[in-house]
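**Student:** Residue numbers (full-length UniProt numbering): 1 to 94. Beta carbons: idealized from backbone N, C-alpha and C, even for Gly. Can you read through this structure? Questions will come right after.
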Amino acid sequence: MEPLLTYLAKALVDQPDQVTLRISEADGGQLFELKVAPEDVGKVIGRDGRTVNALRTLLNAAAQKLGQKVRLEILDDRRAPGSPLVPPAPDAAR
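This is how it looks when you write it as structure tokens:
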């Protein structure tokens, strides 16, 4: 499954040399953490998350065939860890 996901991710991005995949054990299965160049994150996620959902579907189908459980997450360095997902509201006192 790792070669399949790496191949697909490298085919989607402009900087394939910056594609890295880390695999760890989580929740009774494997967690795949895909990291790409910051400018390529949108290409891997796709419009409304369609591309990443397609990748997850392929990965889950391959895992199911092997009797495994997997999860795919895209790591985004553009957002600092612990920062809110929604930007703070502008200050009304201005």
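Taking the C-alpha atoms as reference points, what is the distance between residue 2 and residue 25?
**Tutor:** Their backbone Cα atoms lie some 14 Å apart in a straight line.
**Student:** Comparing C-alpha positions only, which one of 13, 34, 15 sits nearest to residue 76?
**Tutor:** Checking every option, the nearest Cα to that of residue 76 belongs to 34.
**Student:** Measure the C-alpha to C-alpha separation of residue 45 and residue 53 and round it to an integer number of angstroms.
**Tutor:** For residue 45 and residue 53, the distance between alpha carbons rounds to 8 Å.
**Student:** The alpha helix (DSSP H) with residue 2 in it runs from where to where?
**Tutor:** From DSSP, the alpha helix (DSSP H) with residue 2 extends over 2 to 12.
**Student:** The ligand PLP and residue 60: does any heavy atom of the ligand fall closer than 7 Å to the residue's C-beta?
**Tutor:** In terms of ligand content, the structure shown is empty, and the ligand PLP therefore cannot be addressed.
**Student:** If I measure Cβ to Cβ from residue 66 and keep anything under 8 Å in the same chain, skipping five residues before and after, which residues do I get?
**Tutor:** Excluding sequence neighbours, residue 66 sits near 1.
**Student:** Measuring only the C-alpha atoms, how far is residue 64 from residue 39?
**Tutor:** Cα to Cα, residue 64 sits roughly 32 Å from residue 39.
**Student:** Please work out which residues of its chain come closer than 7 Å, Cβ to Cβ, to residue 68, disregarding the five sequence neighbours upstream and downstream, and give them in chain order.
**Tutor:** 29, 30.
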